[in-house]
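Heads up, the sequence shown is in my numbering, so the first residue is -10 and it goes up one at a time.
Written out below as structure tokens is the structure these notes cover.
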Amino acid sequence: MTTGSASSHGLASQPSGPSDLPRHIGIIMDGNGRWATGHGMPRAIGHERGVEALRRTVKAAQKLGLEFLTVYSFSTENWRRPVSEVSALFALLKTFVKQDLERLKREGVRISVFGTREGLPEDILALLDKAVSETAHNSAFNLGIAFNYGGREEIARAARRLALDVADGKLQADDIDEATIGRALDTHAFPDPDVIIRTGEEHRLSNFLIWQAAYSELIFLNVLWPDFGELDLIRAIQTFASRERRFGGLKSGAA
Ligand code: IPE
Ligand code: IPE
Ligand code: MG
């Protein structure tokens, strides 16, 4: 079991500094299939357990005082999986929104959805729209759901939008800088992730927040996503706190 509170694991007693607690954590929730296979169960059960891990993680993130959490739920490349698995993943998203939206609303969670609408069925789009619109006034915690999301697709879509603005005379090509692009991305209301956690033993981003992750601390864990819990999140935050972020500058005190 991966349970435990912040105080019993020393997070609360750590020296606090501006960089100790990340504002925004992104999570690549990987390893559901291998978890299921390892337990002699169909992959879909691994995805079901993955939703439980998601619930635990959102709860833990709120409790620990994070402001932003983005979870990678379905990538633009996941369409390459068998139709039956894609359908199971869509069904789980529907169940999650139907079962959890009221509670998330009460808890002050604001939901944002990142990714393209292209290819998604109407019922999924309607539920995602509902989750976004019914939580738009909330501000206690921000949950980003990257669904049908790919970083390259997001950047290409932003480029198309900016090109249209230039064609319409609303924007000068010379004025397009990093900030302009950042504002045109789906994640414009979120700060760049301080940390990206990937479970499931793979050491890659798989097209997750590739623009935004330029200076994110990357944490790769051997735990499979359905086993992830509050303690793993706390440990990841402690790992983050022990890293020195330089953003291309020098180690503090080295000058
Ligand atoms: C992550 O688990 C969930 C999604 C990608 C939607 P996987 O389904 O990728 O699990 P593994 O990597 O095959 O174990
Ligand atoms: C990344 O996991 C996508 C999500 C977690 C939603 P994948 O399992 O799809 O990534 P690859 O194929 O191992 O790179
Ligand atoms: Mg995987």
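We put the beta carbon where it would ideally sit given N, CA and C, even for glycine.
Practice task
Flag this pair as touching only if the stretch 122 to 137 and the stretch 163 to 173 have three or more C-beta atom pairs under 8 Å; answer yes or no.
Solution key: Cβ pair count under 8 Å is below three, so no.
Exercise for the section: Counting only the same chain and skipping the five closest in sequence on each side, list residues whose C-beta sits under 8 Å from that of VAL86. Expected result: Taking the first residue of the sequence shown as position 1, residue 86 is located at position 97. When the five nearest sequence neighbours on each side are left out, the beta carbons in the same chain lying within less than 8 Å of the beta carbon of VAL86 are those of LEU116, LEU117, LYS119 and ALA120, in order along the chain.
Problem - Close-in-space but distant-in-sequence residues of the same chain around PRO180 (CB under 7 Å, 5 per side omitted) - result: Locating residue 180 in the sequence shown gives position 191, counting from the first residue. Same-chain partners within the cutoff: ARG12, HIS13 and PHE57.
Handout entry: Classification of PRO110 by the beta-carbon crowding that lies within 10 angstroms, buried from 16 upward
Key = Here residue 110 corresponds to residue number 121 of the sequence shown, with the count starting at 1. Its Cβ having fewer than 16 others within 10 Å, PRO110 is exposed.
Practice task
Check whether the Cβ of ASP19 sits closer than 7 Å to any heavy atom of ligand 3, and report yes or no.
Solution key: For the purposes of this step, residue 19 is identified with residue 30 of the sequence shown, where counting begins at 1. Annotation for ASP19 indicates a beta carbon within 7 Å of some heavy atom of ligand 3.
Practice task
Count the other CB atoms, across all protein chains shown, that sit within 10 Å of the CB of ASP89; report buried if there are 16 or more and exposed otherwise.
Solution key: Reading the sequence shown from its first residue, position 100 is the one you call residue 89. When all chains shown are included, ASP89 counts as buried.
Handout entry: Where TRP135 sits in the DSSP three-state scheme
Key = Position 146 of the sequence shown, counting from 1, holds the residue named residue 135. Residue identity differs from the one stated: residue 135 is Ala in this sequence, not Trp. In this structure, ALA135 counts as strand in the three-state DSSP scheme.
Handout entry: Top-ranked residue by Cα proximity to ALA50, from LEU93, ASN21 and ASP175
Key = Along the sequence shown, read from residue 1 onward, the residue named residue 50 stands at position 61. Minimum Cα distance to ALA50 is reached at LEU93.
Problem - Other residues of its chain near ILE208: CB distance less than 8 Å, five sequence neighbours each side excluded - result: For the purposes of this step, residue 208 is taken as the residue at position 219 of the sequence shown. Closer than 8 Å at Cβ, skipping near neighbours: VAL184, ILE185, ILE186, ARG187, ALA225, THR228 and PHE229.
Problem - For SER73: DSSP bridge partner residues - result: In the sequence shown, counting from the first residue as 1, residue 73 sits at position 84. Looking at the DSSP assignment, SER73 forms no beta bridge with any residue, so it has no partner.
Problem - Every unbroken beta strand (DSSP E) within the stretch 16 to 79, with a cutoff of 3 residues, ordered by chain - result: 57 to 64
Problem - beta-carbon LEU78 near ligand 1 non-hydrogen atom, thresh 7 Å - result: Within the sequence shown, numbered from 1, the residue matching residue 78 stands at position 89. Yes, Cβ of LEU78 sits closer than 7 Å to a heavy atom of ligand 1.
Exercise for the section: Report yes if the C-beta distance between SER195 and SER64 is below 8 Å; otherwise report no. Expected result: Counted from its first residue, the sequence shown places residue 195 at position 206. Counted from its first residue, the sequence shown places residue 64 at position 75. A contact, by the Cβ cut-off of 8 Å.
Exercise for the section: Decide if ARG99 is buried, meaning its Cβ has at least 16 other Cβ atoms within 10 Å, or exposed. Expected result: The sequence position of residue 99 within the sequence shown is 110, counting from 1. So ARG99 counts as buried.
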